[in-house]
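Engineer: Pasting in a structure now, in structure tokens, and then I'll have a few things to ask.
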Amino acid sequence: MSGKVAVAVRLAVDPAEAFRAFTEDVDLWWQRGIKFRFHPRKNGVMRFEPGEGGRLVEVYDEAAGDIYEVGRILVWQPGERLVFEWRAPNYREGQVTEVELRFQPVEGGTRILLEHRGWETLPGDHPARHGLADVPFLGTMGGWWQEQLAALKERL
Amino acid sequence: MREAAPPPEEIDRILSALADPTRRRMVDMLREGPRRAGDLAAAFAISGPAVSRHLRVLRENDLIEESREAGDARARLYSLRAQPFTELQGWLEEVAAFWTVQLGAFKAHAEKKPRRGKRK
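In order, the protein sequence lines correspond to chains L and D. In terms of the working numbering, the first sequence opens at residue 3 and continues consecutively. In terms of the working numbering, the second sequence opens at residue 13 and continues consecutively.
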């Protein structure tokens, strides 16, 4: 898929514990402040609602229903794989990206591979799509523009 | 994200303009140097109006620019603008930086108290 961002990290805990800590302790490790949280003025509590169909949310005031939904959980395989949708507050209606984490057992612990992808998703009514409704949008770009970027960066 | 990052609409615009195989191949071709509309039409075996339409999308989204060829005011030359590609690259680096910080913080957290089970 095009335009994916990939980041990896190694931890000295096994995949099951890594998955547990990632999801259950999310509010403890998720960085605070405007660069990392979803509301410019208030810090809420980050929470994964466990299981597929659950959500990643930031809760400001649960009783009042003041919650920001980052996205739905698409894949929940403890110790192995986690996929969730990602919508930032400045995304347009209908725009959504996807984050996938793979928890791979390695000598002495776990390697986590995170991919954030799907930037090319656009609502159907986006002007760039006019007359192109039948062109499959996702997947058509392949590694094309990563290559493009690399080439141009070299040139600049 | 940092102020240096281009606004998301800008990135949308760039990506959407590139969301077409013909336009991507045009950009490929323009990478080698400026071309006339006629050269592009010949290379792609599509109609003149179709070429114009693709060039218009690329131009309106600032991926390419149009100039007049010296000595022939009627011939238009198209060339690639570097800026949108640099913006895209910069923006992807911002996203990578975001997750690098997050995973770094997560690693510190997970390794601090491994295997302690539930706690709040």
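Virtual Cβ for every residue (Gly too), placed ideally from N, Cα, C.
Tell me which residue opens and which closes the beta strand (DSSP E) that E87 of chain L is part of.
Structural biologist: R83 to W88
Engineer: To the nearest whole angstrom, what separates the beta carbons of L104 of chain D and V7 of chain L, a pair I think is in contact under 8 Å?
Structural biologist: 6 Å
Engineer: Judging by CA-CA distance, which residue of L:R89, L:A90 and L:G46 is the nearest neighbour of G67 of chain L?
Structural biologist: L:G46
Engineer: Check whether the region 100 to 116 of chain L and the region 9 to 20 of chain L are in contact - that is, three or more C-beta pairs closer than 8 Å.
Structural biologist: Proximity of the region 100 to 116 of chain L to the region 9 to 20 of chain L meets the contact definition, three or more beta-carbon pairs being nearer than 8 Å.
Engineer: DSSP three-state label for D136 of chain D, please.
Structural biologist: Outside the shown range of chain D (13 to 132) lies residue 136 of chain D, about which nothing can therefore be said.
Engineer: Just to confirm my understanding: we take V101 of chain L, look at its own chain, exclude 5 residues before and 5 after, and list those with CB closer than 6 Å. What are they?
Structural biologist: F86, W88 and H118
Engineer: Can the beta-carbon of A62 of chain D be found closer than 8 Å to that of M41 of chain D?
Structural biologist: no
Engineer: In chain order, what residues of the region 9 to 43 of chain L put their CB closer than 9 Å to some CB of chain D?
Structural biologist: Flagged, chain order: V9, A10, V11, R12, L13, A14, V15, D16, E19, A20, R22, A23, F24, E26, D27, V28, L30, W31, W32, Q33, K37 and F38.
Engineer: Does the region 81 to 101 of chain D come close enough to the region 20 to 27 of chain L to have 3 or more Cβ pairs within less than 8 Å?
Structural biologist: At 8 Å Cβ cutoff, the stretches do not touch.
Engineer: For the structure I just gave you, are there three or more beta carbon pairs, one from the region 111 to 124 of chain D and one from the region 59 to 79 of chain D, closer than 8 Å?
Structural biologist: no
Engineer: Just tell me which of D:A108, D:L67 and D:L27 has its CA closest to the CA of L89 of chain D.
Structural biologist: Checking every option, the nearest Cα to that of L89 of chain D belongs to D:L67.
Engineer: From this set, L:G96, L:L58, L:D29 and L:G81, which residue's C-alpha is nearest V108 of chain L's C-alpha?
Structural biologist: Of the listed residues, the one whose Cα sits closest to V108 of chain L is L:G81.
Engineer: Assuming contact is defined by CB atoms lying nearer than 8 Å, are V61 of chain L and V72 of chain L in contact in what I supplied?
Structural biologist: Their beta carbons are not under 8 Å apart, which means V61 of chain L does not touch V72 of chain L by this criterion.
Engineer: Check the DSSP bridge columns for V15 of chain L and list the partner residues they point to.
Structural biologist: Answer by DSSP bridge pairing: none, since V15 of chain L is not bridged.
Engineer: Nearest chain D C-beta to I75 of chain L closer than 8 Å, yes or no?
Structural biologist: For I75 of chain L, the answer is no, since every Cβ of chain D falls outside 8 Å of its Cβ.
Engineer: Give me the subset of the region 97 to 111 of chain D whose CB atoms are less than 8 Å from a CB atom of chain L, sorted by chain position.
Structural biologist: F97, T98, L100, Q101, L104, V107, A108, F110 and W111
Engineer: Taking the alpha carbon of V28 of chain L as the point to measure from, which residue in L:A18, L:I36, L:V15 and L:E51 has its own alpha carbon closest?
Structural biologist: Here the closest residue by C-alpha is L:E51.
Engineer: If the criterion is Cβ atoms closer than 8 Å, does the pair L75 of chain D and I26 of chain D meet it?
Structural biologist: yes
Engineer: Terminal residues of the continuous alpha helix (DSSP H) containing W103 of chain D?
Structural biologist: Q95 to K124
Engineer: Under 8 Å between the Cβ atoms of Q114 of chain D and W78 of chain L?
Structural biologist: No; because the gap between Cβ atoms is not below 8 Å, this pair is not in contact.
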